[in-house]
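As given, the protein sequences belong to chains Z and B, one line each in that order.
If you count by this note's numbering, then the first sequence holds residues 0 to 302, one letter each, in order.
If you count by this note's numbering, then the second sequence holds residues 270 to 446, one letter each, in order.
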Amino acid sequence: MLIPFLKTQHRAHGISVGLALLVLACAFLIFSRKPEPLPSLPKPPLFSAEFPVDPRFSREINSLLTSQQLSRHNHRLISSSVMKASQALEMPPALLWCLLFQESRFNHLAGINESPIATGLGQFSFSAFYEINHQLDRYLPSPKRTLVAMLGEDVRPIVADAEHPNEKHSYYNIPTAVTASALYLHNRKIQLERVLQSRNLEFNSELIWFWAAISYNKGTRTVISLWNQIQKAYGEAGLSERLTEPELLMKTIEDRGLLFSAVKTIWQSQQAKAFTEELWRHSKSLKECSLNSAAISIKETDR
Amino acid sequence: MKTLLSKIRNNSTAREAVLVGGLLLFLAIPVSFSYFFGSDLEIDVPVDTESIEKLGQIYDQGGIESFKTAKKSLRKRVSLQLQREKSDAAKLAATHVALYLFPDLLPNNQLEKELAQNLFVPLQQNIEANPNTASAKSSFEELRANIWNFEAPNSEAPLLSPQANQMLKVYGGMSWK
């Protein structure tokens, strides 16, 4: 009678020890497994889909509309032309919209009676007209087809025709001005990218749009001088980082000392100071008007 | 030797001849030096913002061949100044001239090198090859537009850098007469 009882007791003991070992083994297996990496959040686009980003620009637009310095019709026409041109040239509409606003406060007739060097919605100069009328094939595979897609026809030569401001070939015609300005901005981007490609430098194409807008206003030479200075200060790898990481781009354009060191390689000290200030203000406005704040502050909050 | 010297001392004609010979020799040394090493001496003239303007003056006075010779000489000076000069200001002056006339001399890490070679050099070469022709005029118009699109620092008060302005004046002079 006693032996079977002992046997049963031993068996039960063995089973409980076995179960305990099994639980331990399972626990070991569970806890020793490396945690699955969390799926990384998609990086937000650099340029905001909603624009202008900073409400002060909307307030300014409202004030222009209220004071009738800008008609509602022209405002709508500018916005729809911006969307159309951006789509055709695959550029961020926020950047084009903000650039044009900054250039002329959406006054498409700016300078029409003054014969200044720069005129109209995108403050076009004779050299910008020359590029659009004679050099588009350097930047587009088929300029004619692109212009037809954007404006319905190839309206070149585009000129600042003050006598016929509403004609399609006139830069004072809103869709023509938006298209020509978008093309000029697009060309600046292609030009800058070719400079980087010729040196095999890594870059983020989205960021180059921002540099292209600076080049539109301040000249390609200014942008390249700034890149030369960055390279001098941080090396080739440092330059590539600043052409790839949005938050480093922001630090660069906020660094007045760096901007000045670049500008003074071209201009005399007094002019260099004035141009540095303009460059800084221009970049700041573009940033506040067009950039997605989530895209430019990710790493700063992580740090 | 001693007798020869004493003869010269005692003979006034011989003394004068030696004196004149000595003076001639004294003059001959710098003249022959500048004749044989003249171009090397010119190389040491520093390059500055007025170097391009001087090229224009040479074209006005001596025509295209003189211009080409002077440009070749300026190229040597720019090249040497870029390589040897230790002062930042002198190097920068040479860089400015190189950018608008000899971009191939710019160091490879200057990012504007290739762009300048494409934007300016072929047009300048065409103007130099066909001065005062319709072709030169057309190249000059393109050159002017390229320069303005490259610099254009301020749409409210547009101006070009002194070197860009000087270069345009020189090539404008070759295209519009």
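In this text, a Cβ means the ideal position worked out from N, Cα and C, and glycines have one as well.
Kindly give me the distance between the Cβ atoms of Asp53(Z) and Glu287(Z), rounded to whole angstroms, as I take these residues to be in contact under 8 Å.
For this step, residue 53(Z) is matched to residue 54 along the first sequence. For this step, residue 287(Z) is matched to residue 288 along the first sequence. Their Cβ separation, rounded to whole angstroms, is 4 Å, which keeps Asp53(Z) and Glu287(Z) in contact under 8 Å.
For Ala385(B) and Pro372(B), which I take to be in contact (beta-carbon distance under 8 Å), what is that distance rounded to the nearest angstrom?
The count along the second sequence starts at 1 and reaches residue 385(B) at position 116. The count along the second sequence starts at 1 and reaches residue 372(B) at position 103. Contact annotation, Ala385(B) with Pro372(B): C-beta distance approximately 4 Å; criterion of less than 8 Å satisfied.
Does Ser296(Z) come out as helix, strand or coil in the three-state DSSP assignment?
On the first sequence, residue 296(Z) is found 297 positions in, with the first residue counted as 1. Three-state DSSP puts Ser296(Z) in a helix.
Under 7 Å Cβ-Cβ, which residues of chain B neighbour Arg71(Z)?
By one-based count along the first sequence, residue 71(Z) stands at place 72. Simply none; closest approach about 27 Å.
Going by C-alpha to C-alpha distance, which of Arg255(Z), Glu205(Z), Ser197(Z) and Glu244(Z) sits closest to Glu276(Z)?
Here residue 276(Z) refers to the residue found at position 277 of the first sequence. Answer by Cα proximity: Arg255(Z).
Strictly under 9 Å for the Cβ-Cβ distance: is Gly256(Z) near chain B by that measure?
Within the first sequence, residue 256(Z) is the residue found at index 257, counting from 1. False, the Cβ-Cβ gap to chain B never drops below 9 Å.
Under 8 Å by beta carbon: chain B residues contacting Glu130(Z)
Looking up residue 130(Z) in the first sequence gives position 131. Under the 8 Å cutoff, chain B gives Ala414 and Asn418.
Could you tell me which residues DSSP puts in a beta bridge with Ser281(B)?
Looking up residue 281(B) in the second sequence gives position 12. According to DSSP, which records beta bridges pairwise, Ser281(B) is partnered with nothing at all.
Assign Val52(Z) to one of three DSSP states: helix, strand, or coil.
Locating residue 52(Z) in the first sequence gives position 53, where the first residue counts as 1. Coil.
Could you please give the first and the last residue of the uninterrupted alpha helix (DSSP H) stretch that includes Phe389(B)?
For the purposes of this step, residue 389(B) is taken as residue 120 along the second sequence, with counting starting at 1. Looking at the DSSP string, Phe389(B) is not in any alpha helix (DSSP H), and its letter there is neither H nor E.
Can you find a C-beta in chain B that's less than 9 Å from the C-beta of Arg193(Z)?
Here residue 193(Z) corresponds to residue number 194 of the first sequence, with the count starting at 1. Judged by the 9 Å Cβ criterion, Arg193(Z) is in contact with chain B.
Could you pull the DSSP bridge partners for Ser80(Z) from this structure?
Sequence index remark: in the first sequence, residue 80(Z) carries index 81 (1-based). Answer is none; Ser80(Z) lacks a bridge partner.
Does the count of Cβ pairs from the stretch 111–127 of chain Z and the stretch 172–183 of chain Z closer than 8 Å reach three?
Note that the stretch 111–127 of chain Z touches the stretch 172–183 of chain Z; at least 3 beta-carbon pairs, one per stretch, sit closer than 8 Å.
If you pair each beta-carbon of the stretch 377–384 of chain B with each one of the stretch 187–203 of chain Z, do three or more pairs fall below 8 Å?
They touch, by the three-pair rule.
Tell whether a beta-carbon distance below 9 Å holds between Leu278(Z) and Lys217(Z).
In the first sequence, the residue the question calls residue 278(Z) occupies position 279. In the first sequence, the residue the question calls residue 217(Z) occupies position 218. Result yes, Cβ atoms of Leu278(Z) and Lys217(Z) sit closer than 9 Å.
Alpha carbon to alpha carbon, how far is Gly442(B) from Gly332(B)? Give it in angstroms, no decimals.
For this step, residue 332(B) is matched to residue 63 along the second sequence. For this step, residue 442(B) is matched to residue 173 along the second sequence. Their Cα atoms are separated by approximately 11 Å.
Chain Z contact residues for Lys395(B), given Cβ-Cβ distances below 7 Å:
Here the question's residue 395(B) lines up with position 126 in the second sequence. Residue identity check: residue 395(B) is Asn in the sequence provided, not Lys. None at all; the shortest Cβ gap to chain Z is about 15 Å.
Can you look up Val177(Z) in the DSSP assignment and give me helix, strand or coil?
Counting from one through the first sequence, the residue named residue 177(Z) turns up at place 178. It is helical.
How would you call Thr99(Z), buried or exposed, if buried means at least 16 neighbouring beta carbons within 10 angstroms?
In the first sequence, the residue the question calls residue 99(Z) occupies position 100. The amino acid occupying residue 99(Z) in the given sequence is Leu; Thr does not appear at that position. Burial call: buried.
Nearest residue (CA-CA) to Ser282(Z), options Leu63(Z), Met149(Z) and Gln101(Z):
In the first sequence, counting from the first residue as 1, residue 282(Z) sits at position 283. Of Leu63(Z), Met149(Z) and Gln101(Z), the residue nearest in Cα terms is Gln101(Z).
Quick one: Cα of Ser70(Z) to Cα of Ser407(B), how far?
Working through the first sequence from its first residue, we reach residue 70(Z) at position 71. Working through the second sequence from its first residue, we reach residue 407(B) at position 138. For Ser70(Z) and Ser407(B), the gap between their C-alpha atoms comes out near 41 Å.
How close, in whole Å, do the beta carbons of Asn291(Z) and Ser47(Z) come, if the pair is a contact with beta carbons under 8 Å?
As a first step, residue 291(Z) is located in the first sequence; it is residue number 292 there, counting from the start. As a first step, residue 47(Z) is located in the first sequence; it is residue number 48 there, counting from the start. With a contact defined as Cβ atoms closer than 8 Å, Asn291(Z) and Ser47(Z) qualify at about 4 Å.
Using beta-carbon positions only, say whether Ser430(B) and Ile116(Z) come within less than 9 Å of one another.
In the second sequence, counting from the first residue as 1, residue 430(B) sits at position 161. In the first sequence, counting from the first residue as 1, residue 116(Z) sits at position 117. In this structure, Ile116(Z) does not lie closer than 9 Å to Ser430(B) by Cβ.
Count the CB pairs spanning the stretch 234–247 of chain Z and the stretch 201–210 of chain Z that are closer than 8 Å, and state whether there are at least three.
Yes: the two stretches touch, three or more of their Cβ pairs being nearer than 8 Å.
Could you give the DSSP three-state label for Phe274(Z): helix, strand or coil?
Indexing the first sequence from 1 puts residue 274(Z) at position 275. Helix at Phe274(Z).
Against Trp210(Z), what residues of chain B qualify as contacts under a CB-to-CB distance less than 9 Å, listed in chain order?
Mapped onto the first sequence, residue 210(Z) falls at position 211. By Cβ distance, chain B contributes nothing, its closest Cβ being about 12 Å from Trp210(Z), past 9 Å.
Verify the contact flag: Leu370(B), CB atom, against every heavy atom of the ligand NAD, threshold strictly below 8 Å.
Absent from the structure shown: the ligand NAD. Ligands present: none.
Interface residues of the stretch 315–328 of chain B facing chain Z [CB-CB below 7 Å]:
If the cut-off is 7 Å between Cβ atoms, the stretch 315–328 of chain B has nothing near chain Z.
Pick out whichever of Leu238(Z), Ile111(Z) and Phe50(Z) has its Cα sitting closest to the Cα of Ala93(Z).
The count along the first sequence starts at 1 and reaches residue 93(Z) at position 94. Distance check between Ala93(Z) and each of Leu238(Z), Ile111(Z) and Phe50(Z) places Phe50(Z) closest, using alpha-carbon atoms only.
Counting beta carbon pairs with one atom in the stretch 67–81 of chain Z and one in the stretch 151–171 of chain Z, are three or more of them shorter than 8 Å?
Judged by Cβ distances under 8 Å, the stretch 151–171 of chain Z makes no contact with the stretch 67–81 of chain Z, as fewer than three pairs qualify.
Please report whether the beta-carbon of Ser430(B) lies at a distance below 9 Å from any beta-carbon of chain Z.
By one-based count along the second sequence, residue 430(B) stands at place 161. Judged by the 9 Å Cβ criterion, Ser430(B) is in contact with chain Z.
In chain order, what residues of the same chain lie with their CB nearer than 8 Å to the CB of Arg344(B), ignoring the 5 residues before and after it?
For the purposes of this step, residue 344(B) is taken as residue 75 along the second sequence, with counting starting at 1. For Arg344(B), where only same-chain residues beyond five positions count, the Cβ hits under 8 Å are Leu370, Phe371 and Leu374.
Rounded to a whole number of angstroms, what is the C-alpha to C-alpha distance between Leu146(Z) and Ala161(Z)?
One-based indexing of the first sequence puts residue 146(Z) at position 147. One-based indexing of the first sequence puts residue 161(Z) at position 162. A straight line joining the alpha-carbon of Leu146(Z) with that of Ala161(Z) spans about 22 Å.
Can you check which of these residues, Lys188(Z), Pro41(Z), Leu45(Z) and Leu64(Z), is closest to Ser289(Z) by C-alpha distance?
Taking the first sequence and counting its residues from 1, one reaches residue 289(Z) at position 290. Minimum Cα distance to Ser289(Z) is reached at Leu45(Z).
According to DSSP, simplified to helix, strand and coil, what is Ala148(Z)?
As a working mapping, residue 148(Z) is identified with position 149 in the first sequence. Secondary structure at Ala148(Z): helix, using DSSP grouped into helix, strand and coil.
Nearest to Val390(B) by CA position, among Glu411(B), Gln379(B), Pro376(B) and Ala403(B), is which residue?
Residue mapping note: residue 390(B) aligns to position 121 of the second sequence, counting from 1. For the residues Glu411(B), Gln379(B), Pro376(B) and Ala403(B), the minimum Cα distance to Val390(B) belongs to Glu411(B).
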